[in-house]
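Student: Taken in order, these protein sequences are the chains called A and B.
Letter 11 of the first sequence, counting from 1, is numbered 16 in our numbering, and no numbers are missing.
Letter 56 of the second sequence, counting from 1, is numbered 59 in our numbering, and no numbers are missing.
For every residue, glycine included, the Cβ atom is placed at its ideal position computed from N, Cα and C.
Just so it is clear, the structure is predicted and the values come from calculations on it, not from any experiment.
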Amino acid sequence: VRLASGTRDWLPAELRRKRAVEAVLRGVFERWNYDEVQTPNFERFDSLEAGLGEAVAQKTFLFADKSGTQIALRPEMTTPVARLVSTRMREAPLPLRLSYIVPAYQYEDPQEGRMREFTTAGLELIGPESLDADAESLFSAIEALDALGLADAHFDLNHVAVIDGVLAGLKLDARGIANAKHLVSGRNIVALRARLAGTGDPATLEAIVRLAMTRGTGDLLEQAARLCHTDAGNAGIERLRGLLGRAAERGFANRLSVDLTLLRDIEYYTGFTFEGFAGQVGFALCGGGRYDTLLPRFGFPAGAVGWSLTVERILIALERRRGTVPSVPG
Amino acid sequence: MSAGSGLTVAIPKGALYDESVAHLRAAGIEVPGDPGRRLEVTTPDGTRVLLLRPADVPAYVEFGAADCGIVGADVLWEAAGVVCELADLAFGACRLVVAARRVDRYHEGAPLPTFLRVATKFERTAETYFADRDLPVQLIKLHGSVELGPLVGLADLIVDLVATGNTLREHDLVVVDEIASSTARFVVNPVRFRAKYDDITALLRKLDAAVRA
Numbered sequence: 006v007r008l009a010s011g012t013r014d015w016l017p018a019e020l021r022r023k024r025a026v027e028a029v030l031r032g033v034f035e036r037w038n039y040d041e042v043q044t045p046n047f048e049r050f051d052s053l054e055a056g057l058g059e060a061v062a063q064k065t066f067l068f069a070d071k072s073g074t075q076i077a078l079r080p081e082m083t084t085p086v087a088r089l090v091s092t093r094m095r096e097a098p099l100p101l102r103l104s105y106i107v108p109a110y111q112y113e114d115p116q117e118g119r120m121r122e123f124t125t126a127g128l129e130l131i132g133p134e135s136l137d138a139d140a141e142s143l144f145s146a147i148e149a150l151d152a153l154g155l156a157d158a159h160f161d162l163n164h165v166a167v168i169d170g171v172l173a174g175l176k177l178d179a180r181g182i183a184n185a186k187h188l189v190s191g192r193n194i195v196a197l198r199a200r201l202a203g204t205g206d207p208a209t210l211e212a213i214v215r216l217a218m219t220r221g222t223g224d225l226l227e228q229a230a231r232l233c234h235t236d237a238g239n240a241g242i243e244r245l246r247g248l249l250g251r252a253a254e255r256g257f258a259n260r261l262s263v264d265l266t267l268l269r270d271i272e273y274y275t276g277f278t279f280e281g282f283a284g285q286v287g288f289a290l291c292g293g294g295r296y297d298t299l300l301p302r303f304g305f306p307a308g309a310v311g312w313s314l315t316v317e318r319i320l321i322a323l324e325r326r327r328g329t330v331p332s333v334p335g
Numbered sequence: 004m005s006a007g008s009g010l011t012v013a014i015p016k017g018a019l020y021d022e023s024v025a026h027l028r029a030a031g032i033e034v035p036g037d038p039g040r041r042l043e044v045t046t047p048d049g050t051r052v053l054l055l056r057p058a059d060v061p062a063y064v065e066f067g068a069a070d071c072g073i074v075g076a077d078v079l080w081e082a083a084g085v086v087c088e089l090a091d092l093a094f095g096a097c098r099l100v101v102a103a104r105r106v107d108r109y110h111e112g113a114p115l116p117t118f119l120r121v122a123t124k125f126e127r128t129a130e131t132y133f134a135d136r137d138l139p140v141q142l143i144k145l146h147g148s149v150e151l152g153p154l155v156g157l158a159d160l161i162v163d164l165v166a167t168g169n170t171l172r173e174h175d176l177v178v179v180d181e182i183a184s185s186t187a188r189f190v191v192n193p194v195r196f197r198a199k200y201d202d203i204t205a206l207l208r209k210l211d212a213a214v215r216a
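(1) Could you work out which residue in Glu-227(A), Tyr-110(A) and Leu-128(A) is closest to Asp-40(A) when comparing CA atoms only?
(2) Could you tell me which whole beta strand (DSSP E) segments of length 3 or greater appear in the segment 31-83 of chain A?
(3) At a CB distance below 7 Å, what residues from the segment 62-84 of chain B approach chain A? Give them in sequence order.
(4) So with CB distances below 8 Å, who are the chain B contacts of Ile-194(A)?
(5) Under 9 Å, do Thr-315(A) and Ala-138(A) count as touching if we go by C-beta distance?
(6) Just to check my reading of the structure: Ser-217(A) and Ile-182(A) have Cβ atoms closer than 8 Å, yes? What is that Cβ distance to the nearest angstrom?
(7) Can you find a CB in chain A that lies within less than 9 Å of the CB of Pro-114(B)?
(8) Comparing C-alpha positions only, which one of Gly-11(A), Ser-10(A) and Ala-25(A) sits nearest to Pro-17(A)?
(9) In the DSSP assignment, find the unbroken alpha helix (DSSP H) run with Ile-182(A) in it and report its ends.
(10) Please compile the residues from chain B whose C-beta is within a distance smaller than 8 Å of the C-beta of His-159(A).
(11) Return yes when the Cβ of Pro-61(B) is within less than 9 Å of the Cβ of Val-52(B), no when it is not.
(12) From which residue to which residue does the alpha helix (DSSP H) around Asn-239(A) run?
(13) Can you give the Cα-Cα distance for Ser-332(A) and Phe-123(A), rounded to whole angstroms?
(14) Can you tell me whether DSSP reads Leu-157(B) as helix, strand or coil?
(15) Would you say Arg-98(B) lies against chain A (beta-carbon separation less than 9 Å)?
(16) Report the neighbours of Gly-3(A) on chain B: residues whose CB is nearer than 7 Å to its CB, in chain order.
(17) Nearest-angstrom Cα distance between His-110(B) and Lys-16(B)?
(18) Got a sec: which bits of the segment 28-49 of chain B sit with their beta carbon under 9 Å from any beta carbon on chain A, in order along the chain?
(19) Is Ala-208(A) close to chain B? Criterion is C-beta to C-beta, closer than 9 Å.
(20) Out of curiosity, what's the CA-to-CA distance linking Ile-147(A) and Asn-38(A)?
(21) Alpha carbon to alpha carbon, what distance is there between Ala-307(A) and Glu-280(A)?
(22) On the DSSP letters alone, give me the boundaries of the alpha helix (DSSP H) that Gln-141(B) sits inside.
(23) Can a CB atom of chain A be found closer than 9 Å to the CB of Thr-204(B)?
(24) Using a Cβ cut-off of 8 Å, pull out every chain E residue sitting near Arg-172(B), in sequence order please.
(25) For Leu-157(B) and chain A, any beta-carbon pair shorter than 9 Å?
(26) Buried or exposed, going by whether 16 or more other CB atoms sit within 10 Å of the CB of Thr-11(B)?
(27) Out of curiosity, what's the CA-to-CA distance linking Met-82(A) and Val-263(A)?
(28) Any C-beta of chain B within less than 8 Å: which residues of the segment 161-191 of chain A qualify?
(29) Return the CA-CA distance between Thr-84(A) and Gly-56(A), expressed in angstroms with no decimal places.
(30) What residues from chain A crowd round Arg-188(B), counting only those whose CB sits closer than 8 Å?
(31) Roughly how many whole angstroms lie between the Cα atoms of Ile-106(A) and Val-29(A)?
(32) Going by beta carbon distance, what residues of the same chain come within less than 7 Å of Cys-233(A), once the five residues before and after it are set aside?
(33) Determine, for Ala-202(A), whether the minimum Cβ-Cβ distance to residues of chain B falls below 9 Å.
(34) Quick one: measure Cβ to Cβ for Arg-260(A) and His-159(A), integer angstroms, because I've assumed they're closer than 8 Å.
(35) Does Leu-3(B) come within less than 9 Å of chain A when only Cβ atoms are used?
(36) According to DSSP, simplified to helix, strand and coil, what is Val-177(B)?
Here it is as structure tokens:
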């Protein structure tokens, strides 16, 4: 008797630990006034497809019901929440603050922190497109990791328009830009240098490559501003400056960096994005950002910002923590 | 940082070892020239250096047992995992080539067999190369002495690394096509790069200076 690949049982002691993590998260979600929702574990693929994007759609478990309708096991929760808001909650006054802790499924090669069945928990703030909303989302994520006992977690921020604005100054076609962004995102500096060769003057190219190797704060944003060629990119830089300012007011200044390589592989992000991580684990602890075009794809004209984490990854990080010397205090 | 970087660096034993050690020394990390049978050494500046089989370097970096490492690009082509290539260290140059027996005259344009048998240690790279050309092939994975393949009729072609070309010449094999060229790379774990940004960036700067010197 064997389990399906990428699934697991939870014995009583294990489940107690998992439930404790979920309880801490629920407490944080309630403190920030987010109401919990659930959607079906499976739903019609055609009602999610509009939001998922190709990368996630490819990892989605699909099957046909007896009538031949294509059914998807929910691969993540942001799209189902967008679907829910744009149908049953159309009349609700904005902003909407919704939270969830639900199982999700992705067809992955099982590895540390990546199972085919996992528990996704997160927040979505629907309505305002303001700096306040972005800051609320980011700070609630920081507080969630703090409450979980991961107070040394560090957060990297980006805005998806910045790298587009920087690459817009080069002689690259659409495919070249996509290719260069892929290399930036993997921080594959050697191949990036080769790809950009001949697309601009050498000093500019070297500055762009440096940008992809650098994490920083205001100084990095200044360098990016000098290289940025689009209004959207400059607006993105302004938004990041605003977020760093708000974070400083709240005492989070030394928890944040800007990293322009942070291009999360989910296609619906349109604005600021972030990830939280800690030294002991080789994967992000949480991540999120702004996705203003997702709800309109479901016919509901509203912006949104949100983040999520995988509960199992938090358990691994906490376990790893106990086995090691505490890392550098913040 | 006061006493040393506190970094764990993975380096390959074998062909790239001496140059890797020379580069680390130029960056102030005193790795012994002859480590004997040790698998890890802690240098006077506090850096932990792991001495690994070349093919194992990507895994140690990917899973964070090492923060960063030195490894040939040829090894990275075959590794499935995710590491960031931050710098080309420019030593250990070699080429990955398709080679065949001189008498088969494939290098002069003689028609290839209907169905190619290809012996190689570089399965992933070879598969991509032939798939890109829509050529049906049977890949035969070998672990050493690939040049023997065509001589005894195991394979029509080989895909193998060439540094000087001596091995090919000794066996009367010739290059049919060049797939890629390889040099040593400085690689990092993407999350460790963020967590130990200052230390890794400092080491990278010193390695870069050594390359340019």
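Tutor: Per the coordinate set shown:
(1) It is Leu-128(A).
(2) Counting only runs that start and end inside the segment 31-83 of chain A, the beta strand (DSSP E) elements of at least 3 residues fall at 47-49, 67-69 and 75-78.
(3) Listed in sequence order: Phe-66 and Gly-67.
(4) Neighbours of Ile-194(A) on chain B, chain order: Cys-87, Glu-88, Leu-89 and Ala-90.
(5) Their beta carbons are not under 9 Å apart, which means Thr-315(A) does not touch Ala-138(A) by this criterion.
(6) The amino acid at residue 217(A) is misidentified as Ser; the sequence shows Ala. The Cβ separation is near 14 Å, so there is no contact.
(7) Interface criterion not met: the Cβ of Pro-114(B) is under 9 Å from no Cβ in chain A.
(8) Answer by Cα proximity: Ala-25(A).
(9) Residues 179-190.
(10) In chain order: Arg-197 and Ala-198.
(11) Taking 9 Å as the cut-off, the Cβ atoms of Val-52(B) and Pro-61(B) do not count as close.
(12) For Asn-239(A), the enclosing alpha helix (DSSP H) covers residues 236-254.
(13) The pLDDT assigned to Ser-332(A) is 39, lower than 50, so where the model puts this residue is not dependable, and the model offers no usable value.
(14) In the three-state reduction of the DSSP assignment, Leu-157(B) falls in the coil class.
(15) It does not: the Cβ of Arg-98(B) has no partner Cβ on chain A nearer than 9 Å.
(16) No statement about residue 3(A) is possible, as the shown extent of chain A runs from 6 to 335 and does not include it.
(17) The straight-line gap from Cα to Cα measures roughly 34 Å.
(18) Taking 9 Å as the Cβ-Cβ cut-off against chain A, none of the residues of the segment 28-49 of chain B qualify.
(19) With 9 Å as the cut-off, Ala-208(A) does not count as an interface residue toward chain B.
(20) Distance between the alpha carbons of Ile-147(A) and Asn-38(A): 16 Å.
(21) The C-alpha of Ala-307(A) is placed about 23 Å away from the C-alpha of Glu-280(A).
(22) For Gln-141(B), there is no enclosing alpha helix (DSSP H); the residue is found in the beta strand (DSSP E) stretching over 140-144.
(23) Interface annotation, Thr-204(B): in contact with chain A, CB-CB separation under 9 Å.
(24) Within the model displayed, chain E is absent; protein chains A and B are what it includes.
(25) Closer than 9 Å to the CB of Leu-157(B) there is not a single CB belonging to chain A.
(26) Around the C-beta of Thr-11(B), 16 or more other C-beta atoms lie within 10 Å, and the residue is accordingly described as buried.
(27) If I take the Cα positions, the gap works out to 26 Å.
(28) So the close ones are Asp-161 and Gly-191.
(29) Across the structure, Thr-84(A) and Gly-56(A) are spaced so that their CA atoms are roughly 6 Å apart.
(30) Below the 8 Å Cβ cutoff, chain A contributes Val-195 as neighbours of Arg-188(B), in chain order.
(31) Spanning the two alpha carbons is a distance of roughly 12 Å.
(32) Once the five neighbours on either side are set aside, the close Cβ partners of Cys-233(A) are Val-167, Gly-170, Val-171, Asn-239 and Ile-242.
(33) No, Ala-202(A) does not count as interfacial toward chain B.
(34) Yes, Arg-260(A) and His-159(A) are in contact; Cβ-Cβ is about 6 Å, under 8 Å.
(35) Any question about residue 3(B) goes unanswered here, given that chain B covers just 4 to 216.
(36) Three-state DSSP puts Val-177(B) in a strand.
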